[in-house]
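*Asks:* Sharing a structure here in structure tokens format.
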């Protein structure tokens, strides 16, 4: 029924568990998977230029972005390895976006995925209000079915 | 991988579409399904005027009829696809709680339900079961979304909101409510 599953990951243990489940599921229905890791985009700040010409801040941001990208690569290669181990066809994508959910929804549409499978940290109360849930936003905005692993 | 799928329904077209998808999935996975329809609880009030009692009885009757209609749609879809199916009718003020309880009780490993996908104010003001159940549950959730129905049914969720305890779902749907 589902042919192509999108597996967004943030590298958290919860996400890892969802990825494993997703690959299991893909195997049981002979689907292929696409792993996705979204790197937050760093924008030059208005204040950066005020002090030290913004050189230090820019360098700091570049370093942070490089680190995020390196981490994303690690998560994605781990995902690819699990998929390979299970014998599931796998593709990985790294996206840079300041809105994680948007990147997930867009990649799902671009790649023609018919299911998004992701974990949810399940924050409640104040934590949910402050941090929110990317999964929640994906659920609201995606036209593709979403399987939430809890 | 999934052996027992729970299909909650509220009778909306969006729900119907999710049921069709759920039955298809159950067939392809050789899983069984359990359909559930949750009716709003009818509370007793301080001022028991005749009209309230009458309206409540009528409402309960209507709810039951509607629930049976919704569930028979699931049974029919399952029968056509040759998928083993049973149905449950629950009464609860919070559909998400009933959905989770039944999922745990009957050992479902997947809940597949539609989401009206409301945003902004509509989302804040309407009861949205799939949002709630997702956050509180320990199971897994497959939330189906359908392009065609997305926005059309958004108003149904708003109508479902209980502005007063006896401002009921069915009454809203019949276009006559009182506060």
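Protein chains in written order, with the working numbering: chain R, 1 to 150; chain S, 151 to 329.
All C-beta atoms, glycine included, are put in the ideal place defined by N, C-alpha and C.
1) Taking 7 Å as the limit between beta carbons, can you name the residues of its chain near residue 107/R, skipping five residues before and five after?
2) Taking the alpha-carbon positions, what's the residue 250/S to residue 110/R distance?
3) For residue 199/S, which of helix, strand or coil comes out of DSSP?
4) Find the nearest neighbour of residue 8/R within the set 115/R, 141/R, 140/R, 143/R, judged by alpha-carbon distance.
5) Residue 78/R lies in the alpha helix (DSSP H); which residues open and close that run?
6) Hey, how far is the Cα of residue 209/S from the Cα of residue 34/R?
7) Can you tell me whether residue 200/S is buried or exposed, with buried defined as 16 or more other CB within 10 angstroms of its CB?
8) Where does the unbroken beta strand (DSSP E) through residue 32/R begin, and where does it stop?
9) Quick check on residue 220/S: buried or exposed, where buried means 16 or more other Cβ atoms within 10 Å of its Cβ?
10) Inspect the beta-carbon positions of residue 224/S and residue 185/S and report whether they are closer than 8 Å.
11) If residue 176/S sits next to residue 263/S, beta carbons under 8 Å apart, how far is it from one beta carbon to the other, in whole angstroms?
12) For residue 246/S, which of 235/S, 261/S, 256/S has the nearest alpha-carbon?
13) Distance check for residue 141/R and residue 133/R, CA to CA, integer angstroms please.
14) Assign residue 155/S to one of two classes, buried (16 or more other C-beta atoms within 10 Å of its C-beta) or exposed (fewer than that).
15) Where does residue 283/S sit, in a helix, a strand or coil, going by DSSP?
16) From residue 216/S to residue 99/R, what distance separates their C-alpha atoms?
17) Could I get the ranges of all uninterrupted alpha helix (DSSP H) runs contained in the segment 197–257 of chain S, with 4 residues as the minimum, in chain order?
18) Can the beta-carbon of residue 39/R be found less than 8 Å from the beta-carbon of residue 62/R?
19) Within 10 Å of its beta-carbon, does residue 55/R have 16 or more other beta-carbons around it, so buried, or fewer, so exposed?
20) For residue 72/R, collect the residues of the same chain with a Cβ closer than 7 Å to its Cβ; drop the 5 residues on either side in sequence, then sort them by chain order.
21) Residues of chain R with a CB under 9 Å from the CB of residue 216/S: which are they?
22) Is the beta carbon of residue 23/R less than 8 Å from the beta carbon of residue 83/R?
23) Identify, in the order they occur along the chain, each residue of the same chain with its Cβ nearer than 7 Å to the Cβ of residue 41/R, setting aside the five sequence neighbours on each side.
24) Could you tell me whether the Cβ atoms of residue 188/S and residue 256/S are closer together than 8 Å?
25) Are the C-beta of residue 1/R and some C-beta of chain S separated by less than 8 Å?
26) One question on the structure: do residue 85/R and residue 27/R come within less than 8 Å of each other, judged by their Cβ atoms?
27) For residue 104/R, decide whether its Cβ has a neighbour in chain S, counting only Cβ atoms nearer than 8 Å.
28) Out of curiosity, what's the CA-to-CA distance linking residue 139/R and residue 203/S?
29) Might you give, ordered along the chain, the residues of its own chain that have their beta carbon closer than 7 Å to the beta carbon of residue 18/R, omitting 5 neighbours on each side?
30) Is there a C-beta anywhere in chain R that falls below 8 Å from the one on residue 151/S?
31) Going straight from the alpha carbon of residue 16/R to that of residue 76/R, what length do you get?
32) Which whole runs of the beta strand (DSSP E) in the segment 165–189 of chain S are 3 residues long or more, in chain order?
33) Taking just the CA atoms, how far does residue 153/S sit from residue 69/R?
34) For a cutoff of 8 Å on Cβ pairs, would you count residue 174/S as touching chain R?
*Replies:* According to the structure shown:
1) For the purposes of this step, residue 107/R is taken as residue 107 along the first chain, with counting starting at 1. Here the set comprises 6, 36, 93, 95.
2) The residue labelled residue 250/S in the question sits at position 100 within the second chain. The residue labelled residue 110/R in the question sits at position 110 within the first chain. Using only the alpha carbons, I get a separation of about 34 Å.
3) In the second chain, counting from the first residue as 1, residue 199/S sits at position 49. Coil at residue 199/S, not helix or strand.
4) Looking up residue 8/R in the first chain gives position 8. The option with the nearest alpha carbon to residue 8/R is 115/R.
5) Counting from one through the first chain, the residue named residue 78/R turns up at place 78. It spans 55–86 - the alpha helix (DSSP H) in which residue 78/R sits, taken as one unbroken run.
6) Reading the second chain from its first residue, position 59 is the one you call residue 209/S. Reading the first chain from its first residue, position 34 is the one you call residue 34/R. Whole-angstrom Cα-Cα distance: 49 Å.
7) Taking the first residue of the second chain as 1, we reach residue 200/S at position 50. Exposed.
8) For the purposes of this step, residue 32/R is taken as the residue at position 32 of the first chain. Residue 32/R -> beta strand (DSSP E) spans 32–40.
9) Start at 1 with the first residue of the second chain, and residue 220/S comes out as number 70. So residue 220/S ends up on the buried side.
10) To locate residue 224/S, count along the second chain from 1; it is residue 74. To locate residue 185/S, count along the second chain from 1; it is residue 35. Cβ atoms of residue 224/S and residue 185/S: closer than 8 Å.
11) Your numbering for residue 176/S matches position 26 in the second chain. Your numbering for residue 263/S matches position 113 in the second chain. Not a contact, Cβ separation roughly 14 Å.
12) Along the second chain, read from residue 1 onward, the residue named residue 246/S stands at position 96. It is 261/S.
13) Within the first chain, numbered from 1, the residue matching residue 133/R stands at position 133. Within the first chain, numbered from 1, the residue matching residue 141/R stands at position 141. Residue 133/R and residue 141/R: Cα-Cα distance of roughly 13 Å.
14) The residue labelled residue 155/S in the question sits at position 5 within the second chain. It is buried - the Cβ of residue 155/S has at least 16 other Cβ atoms within 10 Å.
15) Looking up residue 283/S in the second chain gives position 133. Because the pLDDT of residue 283/S is 42, which lies under 50, any placement of that residue in the model is unreliable, and the question is left without a value.
16) In the second chain, counting from the first residue as 1, residue 216/S sits at position 66. In the first chain, counting from the first residue as 1, residue 99/R sits at position 99. Their Cα atoms are separated by approximately 41 Å.
17) 200–231, 245–255
18) Indexing the first chain from 1 puts residue 39/R at position 39. Indexing the first chain from 1 puts residue 62/R at position 62. No.
19) For the purposes of this step, residue 55/R is taken as the residue at position 55 of the first chain. Label assigned to residue 55/R: exposed.
20) Position 72 of the first chain, counted from the start, is the residue given in the question as residue 72/R. 37, 39, 94, listed in sequence order.
21) If you number the second chain from 1, residue 216/S lands on position 66. By Cβ distance, chain R contributes nothing, its closest Cβ being about 26 Å from residue 216/S, past 9 Å.
22) For the purposes of this step, residue 23/R is identified with residue 23 of the first chain, where counting begins at 1. For the purposes of this step, residue 83/R is identified with residue 83 of the first chain, where counting begins at 1. Result yes, Cβ atoms of residue 23/R and residue 83/R sit closer than 8 Å.
23) For the purposes of this step, residue 41/R is taken as residue 41 along the first chain, with counting starting at 1. Contacts found: 96, 97, 98.
24) Counted from its first residue, the second chain places residue 188/S at position 38. Counted from its first residue, the second chain places residue 256/S at position 106. No, the Cβ-Cβ distance between residue 188/S and residue 256/S is not below 8 Å.
25) One-based indexing of the first chain puts residue 1/R at position 1. It does; some Cβ of chain S falls within 8 Å.
26) The count along the first chain starts at 1 and reaches residue 85/R at position 85. The count along the first chain starts at 1 and reaches residue 27/R at position 27. Their beta carbons are not under 8 Å apart, which means residue 85/R does not touch residue 27/R by this criterion.
27) As a first step, residue 104/R must be located in the first chain, where it is residue number 104. Not an interface residue.
28) Position 139 of the first chain, counted from the first residue, corresponds to residue 139/R. Position 53 of the second chain, counted from the first residue, corresponds to residue 203/S. Rounded to whole angstroms, residue 139/R to residue 203/S spans 40 Å at the Cα level.
29) Translated into positions along the first chain, residue 18/R becomes position 18. Counting only Cβ-Cβ distances below 7 Å, and skipping sequence neighbours, we find 117, 118, 119, 149.
30) Taking the second chain and counting its residues from 1, the one referred to as residue 151/S is at position 1. Taking Cβ atoms only, chain R reaches closer than 8 Å to residue 151/S, which makes this a yes.
31) Here residue 16/R refers to the residue found at position 16 when the first chain is read from its first residue. Here residue 76/R refers to the residue found at position 76 when the first chain is read from its first residue. Between residue 16/R and residue 76/R, the C-alpha separation is close to 11 Å.
32) 182–189
33) Locating residue 69/R in the first chain gives position 69, counting from the first residue. Locating residue 153/S in the second chain gives position 3, counting from the first residue. Straight-line Cα distance between these residues: approximately 38 Å.
34) Counting from one through the second chain, the residue named residue 174/S turns up at place 24. Chain R, which has a Cβ nearer than 8 Å to the Cβ of residue 174/S, makes this yes.
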